[in-house]
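Beneath this line is the structure, given in structure tokens, with notes to follow.
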Amino acid sequence: MIGARPHVLASCAVSLDGFLDDASPQRRVLSGPADLDRVDEERAGVDAILVGAGTVRADDSRLLVRAPERRAARVARGLPPSPLRVVLTTGAIDPSARVLGGDAETIALAGTPGEVVDALGARGVVRLMVEGGAAVLREFLTAGLVDELQLVLAPQLVGDGPRFTGGGRPPHLVETCTLGGDVLLRYRFGEADDRHLAEACLLAEHCPPSATAFSVGCVVVAEDGTVLGAGWSRRDHPLDHAEEGVLRALGHDPRLRRATLYSSLEPCGERASRPDPCAALIARAGIPRVVHAWSEPPDFVTAPSGSAQLEAVGVEVVQLSRWEPLARRCATRL
């Protein structure tokens, strides 16, 4: 679906007193080795990396995927070793800048964040990573175009320097973890259905490869917003569907009776590998609402669709097709 708005991940590290850098002419590195590896992993999973011209001048980074195994995995999927590099600028890029070297394409774009995102969507970019600098991060956040923010707190005190303060939608904290001496805070923006469905789509990237089955992610959320369970296809067994594995782990949790199940792909209405399709498992669990991004292809099934079967027993089924490009991208990582 070329032309759809990309999923936008903003990523940055800040000091304990909230600065992205110090006030000196030299770039101050805040991230530790574990966070730098996180950045490399995220780069390997996107279609494009965007920075401002100031970041190109200050950092002179190549913006490439570094780990050989991640580069090889991209090539095995028919992708270039590193994503497209996008420099937000109204002028020309310095010919000596390292961002023009290496084995990745580099383009320069100008315009508002909305115009830039639309232009990248027209090029087929499904996942965009915005790495900075401060002004670019602020513009994307203020424009309400960031879907996920990965903010790393580094154990340093800077005292003065650039920030990305500004307006924008309030985020929702979905994860915290330590990265060596740093702390990662992962936030999502938007309404609950969008946040949880985007998470389900991205979970599909954890699926073990399969030449015959889709990769699907699933999240089950209680009425009060508590995430009851999450998983992906083939996580615990080669034949497991995402919804099946999550529901098995939840057992007879009474909160399922008022929960919503989010799946990147429509729950199956028939299957050959197990006696019960996911639609039947969801109905049996008593879940009253299902939200998915992508309908199961009609040439893939002959029985009534999973949605039709669920609706026949009173389950509300909602498709948020704006997430279909992300679901497709993750579902077909065979």
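Just so you know, we're using full-length UniProt numbering here: the sequence shown kicks off at 1 and counts up by one.
Backbone N, C-alpha and C define an ideal beta-carbon position, used for all residues, glycine too.
*Tell me whether Leu334 sits in a helix, a strand or coil according to DSSP, three-state version.*
Legend: pLDDT at Leu334 = 39, less than 50; position of this residue unreliable, value from coordinates given subsequently. Coil, per DSSP.
*Would you call Phe19 buried or exposed, if buried means 16 or more other Cβ atoms sit within 10 Å of its Cβ?*
buried
*Residues near Val125 by beta carbon distance below 6 Å, same chain, minus five either side*: Cβ-Cβ distances below 6 Å link Val125 to Pro6, Asp47, Ala48 in the same chain, with the five nearest sequence neighbours on each side left out; the list follows chain order.
*asked:* One question on the structure: do Ala279 and Leu326 come within less than 9 Å of each other, judged by their Cβ atoms?
replied: no
*Have a look at the DSSP bridge pairing and note the partners of Cys218.*
Gly231, Ser263
*Okay, do the stretch 110-123 and the stretch 71-82 touch, 3+ Cβ pairs below 8 Å being the bar?*
Three or more Cβ pairs closer than 8 Å define a contact, and the stretch 110-123 falls short of that threshold against the stretch 71-82.
*So is Cys177 in contact with chain B if we call contact Cβ pairs under 9 Å?*
Judged by its chain identifiers, the structure shown contains no chain B, having just a single protein chain.
*Pairwise C-alpha distance: Asp240 and Ser263*: 14 Å
*Verify whether the separation of the beta carbon atoms of Leu173 and Arg186 is less than 9 Å.*
In this structure, the beta-carbon distance from Leu173 to Arg186 falls below 9 Å.
*In whole angstroms, what is the alpha-carbon distance linking Gly111 and Val29?*
29 Å
*Could you check how far apart the C-beta atoms of Ala259 and Val221 are, in whole angstroms? I think they sit under 8 Å.*
6 Å
*Own chain residues within Cβ distance below 7 Å of Trp323, not counting five before or after*: Leu197, Ala198, Cys201, Ala293
_Quick test of your reading: Ser82 and Arg71, contact by CB under 8 Å. State the CB separation rounded to the nearest angstrom._
7 Å
_In chain order, what are the residue ranges of uninterrupted beta strand (DSSP E) at least 3 long that sit wholly in the stretch 110-144?_
127-132
*asked:* Looking only at its chain, what residues have a beta carbon closer than 7 Å to the beta carbon of Leu145, apart from the 5 residues adjacent to it on each side?
replied: Val8, Pro113, Gly114, Val117
*Is Leu16 helix, strand or coil by DSSP?*
Coil.
*Kindly indicate the opening and closing residues of the beta strand (DSSP E) around Ala34.*
Judged by DSSP secondary structure, Ala34 falls outside any beta strand (DSSP E) and instead within the alpha helix (DSSP H) spanning 33-44.
*asked:* So, under 8 Å CB-CB, Thr55 and Gly133 are touching, yes? Tell me the CB distance rounded to an integer number of Å.
replied: 4 Å
*Between the Cα of Asp40 and those of Arg195, Ala204, Arg66, Asp17, spot the shortest distance and give me the residue it belongs to.*
Arg66
*Residue nearest to Asp17 in terms of C-alpha spacing, selected from Arg127, Val86, Leu157*: Leu157
*Expressed to the nearest angstrom, what Euclidean distance is found between the alpha-carbon atoms of Pro304 and Pro275?*
Straight through space, the alpha carbons of Pro275 and Pro304 are spaced by roughly 16 Å.
*Glu148: which of Gly159, Pro170, Glu270, Glu296 sits nearest, CA to CA?*
Pro170
*Is Ser11 helix, strand or coil when you go by DSSP?*
strand
*asked:* Measuring only the C-alpha atoms, how far is Glu244 from Leu281?
replied: The straight-line gap from Cα to Cα measures roughly 7 Å.
*So, Ala104 versus Leu63, is the Cβ gap smaller than 9 Å?*
yes
*In the stretch 148-208, which residue ranges form an unbroken alpha helix (DSSP H) of at least 4 residues, counting only runs that do not cross its ends?*
List check, alpha helix (DSSP H) in window: 192-203.
_Taking the straight line between their C-alpha atoms, what separation do you get for Leu109 and Ala97?_
16 Å
_Burial state of Arg57 (16 or more Cβ within 10 Å)_ = exposed
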